[in-house]
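Student: Per this note's numbering, residue 1 is the first one in the sequence shown, and the count goes up by one each step. Ideal Cβ positions, reconstructed from N, Cα and C, are used throughout, including at glycine. Pasting a structure here, questions to come.
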Amino acid sequence: MTAEANKMRGAASGATKSVCARRRLLPAFTLILLCLSGGCAGWWSKTLPPPEPPLKIVVAQMALEAPITKSTQMQTFEETPSPEIEPVIRTQLIEEVELRVQRLLTEQLAAQPGFQVMPFSETRRLAGNLGVRREPLSDAQLRALADESGADIIITGRIPDYGAVRWQYWVGGWAMTATAHLMTVGFASGWNPAIVGGFMALDLSTDLPFWWGGAYAFGWGLRPVRVQVEAVQTGRCGGPLWDTQTVMVLIPGKTLAVFPPEERRRKEVQLGVNLERAIRDIADAAGRSLRLKPCGPEPESEQAPQ
């Protein structure tokens, strides 16, 4: 009886550990999926009271740095552009996305309590006068932009992923998942080549769109968009102040349902949806936590003589 009781206790203990392990893994998988589908820029940011007086903010240039080699990566065409006009169209589409992000972030930040954001058109005019282009702001341009605008904070950003995730970011995760699936099916089938080969082909066809992006199936879209922003404080206490990023991948069918059926499959529509969701996520995170850092005491050399 004692031996049998010990076995039963051992089995129960093993089952409890297995359940606990699954419970520990579940939040991690849930976190990953929610980040992919809904963004996570502000999950760990502490909500602070709105700034008083309001912060003066300028949203400067936003650079699309994703490796876009063809315009068809960004937009659905009835006919593929000819090689002669392809570079022109691609350049134009990239510029349109950059301006759209700058305008959206300007509008979304302006809706946050305690933020006084320079209008998009005024920022564009000022940047043109100062010769600001797509390149990162130099220290001289940053100071000039701050002096001309009177801004407390200048925000710049970049879009590293647009329509697809770079292979360096997803191939490791996909390889681990595929290996686990392969081992499970292999042992279950006695490593039958037909079964294992068929499963791996199915696994590739279903997993690659998720990890890499760029698919539309069953009314859902997979169009990855990752946006990173950085805020720089101006003035005597100037310097890097705040940064965040968010990624949107999954587009639920109910989100695309607001568009006419013929538009739901279009790449520019799906990318635009995730771009707007990413910008809203970042603006909300900024509203909760973007504040000026306090200045320390002035150096003795800058203090007035007694």
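Say whether the region 91–101 touches the region 281–294, bearing in mind that this needs 3 or more beta-carbon pairs closer than 8 Å, one atom from each stretch.
Tutor: No, the region 91–101 does not touch the region 281–294.
Student: With distances taken from CA atoms, which of Ala257, Gln73, Lys56 and Val227 is nearest arginine 280?
Tutor: Numbered from 1 along the sequence shown, position 280 holds the residue referred to as residue 280. Of the listed residues, the one whose Cα sits closest to arginine 280 is Val227.
Student: Taking leucine 145 and alanine 60 to be in contact with their CB atoms under 8 Å, please state how far apart those CB atoms are, rounded to whole angstroms.
Tutor: By 1-based counting over the sequence shown, the position of residue 145 is 145. By 1-based counting over the sequence shown, the position of residue 60 is 60. Confirmed, about 7 Å.
Student: Using the three-state DSSP reduction, which class does arginine 143 fall into: helix, strand or coil?
Tutor: Sequence index remark: in the sequence shown, residue 143 carries index 143 (1-based). Of the three classes helix, strand and coil, the one that applies to arginine 143 here is helix, per DSSP.
Student: Going by DSSP, which residues form a beta bridge with proline 240?
Tutor: As a first step, residue 240 must be located in the sequence shown, where it is residue number 240. BP columns for proline 240 point to Val232.
Student: Just to confirm my understanding: we take isoleucine 195, look at its own chain, exclude 5 residues before and 5 after, and list those with CB closer than 8 Å. What are they?
Tutor: As a working note, residue 195 is residue 195 in the sequence shown. Contacts found: Val185 and Ser189.
Student: First and last residue of the alpha helix (DSSP H) that includes leucine 292?
Tutor: Reading the sequence shown from its first residue, position 292 is the one you call residue 292. Premise fails: leucine 292 is in no alpha helix (DSSP H) and is neither H nor E.
Student: At the level of alpha carbons, what is the spacing between leucine 48 and serine 121?
Tutor: Taking the first residue of the sequence shown as 1, we reach residue 48 at position 48. Taking the first residue of the sequence shown as 1, we reach residue 121 at position 121. Using only the alpha carbons, I get a separation of about 30 Å.
Student: If you draw a straight line from the C-alpha of arginine 264 to the C-alpha of proline 252, how long is it?
Tutor: The residue given as residue 264 occupies position 264 in the sequence shown. The residue given as residue 252 occupies position 252 in the sequence shown. If I take the Cα positions, the gap works out to 11 Å.
Student: Please return the same chain residues whose Cβ sits closer than 6 Å to the Cβ of methionine 1, not counting the five positions on each side in sequence.
Tutor: Indexing the sequence shown from 1 puts residue 1 at position 1. With a pLDDT of only 45 at methionine 1, under the threshold of 50, the placement of this residue in the model should not be trusted, and no figure is reported.
Student: Taking only the alpha-carbon atoms, compute the straight-line gap between arginine 291 and alanine 111 and give it to the nearest angstrom.
Tutor: By one-based count along the sequence shown, residue 291 stands at place 291. By one-based count along the sequence shown, residue 111 stands at place 111. Going by the C-alpha atoms only, they are around 16 Å apart.
Student: Count the CB pairs spanning the region 66–85 and the region 135–145 that are closer than 8 Å, and state whether there are at least three.
Tutor: Result no; under three Cβ-Cβ pairs closer than 8 Å.
Student: Could you check whether glycine 114 and proline 50 sit closer than 8 Å to each other, using their CB atoms as the reference points?
Tutor: As a first step, residue 50 must be located in the sequence shown, where it is residue number 50. As a first step, residue 114 must be located in the sequence shown, where it is residue number 114. Yes, Cβ-Cβ distance for proline 50 and glycine 114 is below 8 Å.
Student: Threonine 69: buried (16+ other C-beta within 10 angstroms of its C-beta) or exposed?
Tutor: Taking the sequence shown and counting its residues from 1, one reaches residue 69 at position 69. Exposed.
Student: What would DSSP say about proline 160, mapped onto helix, strand or coil?
Tutor: Taking the first residue of the sequence shown as position 1, residue 160 is located at position 160. Strand.
Student: How big is the Cα-Cα spacing for tyrosine 162 and alanine 278?
Tutor: Position 162 of the sequence shown, counting from 1, holds the residue named residue 162. Position 278 of the sequence shown, counting from 1, holds the residue named residue 278. Going by the C-alpha atoms only, they are around 11 Å apart.
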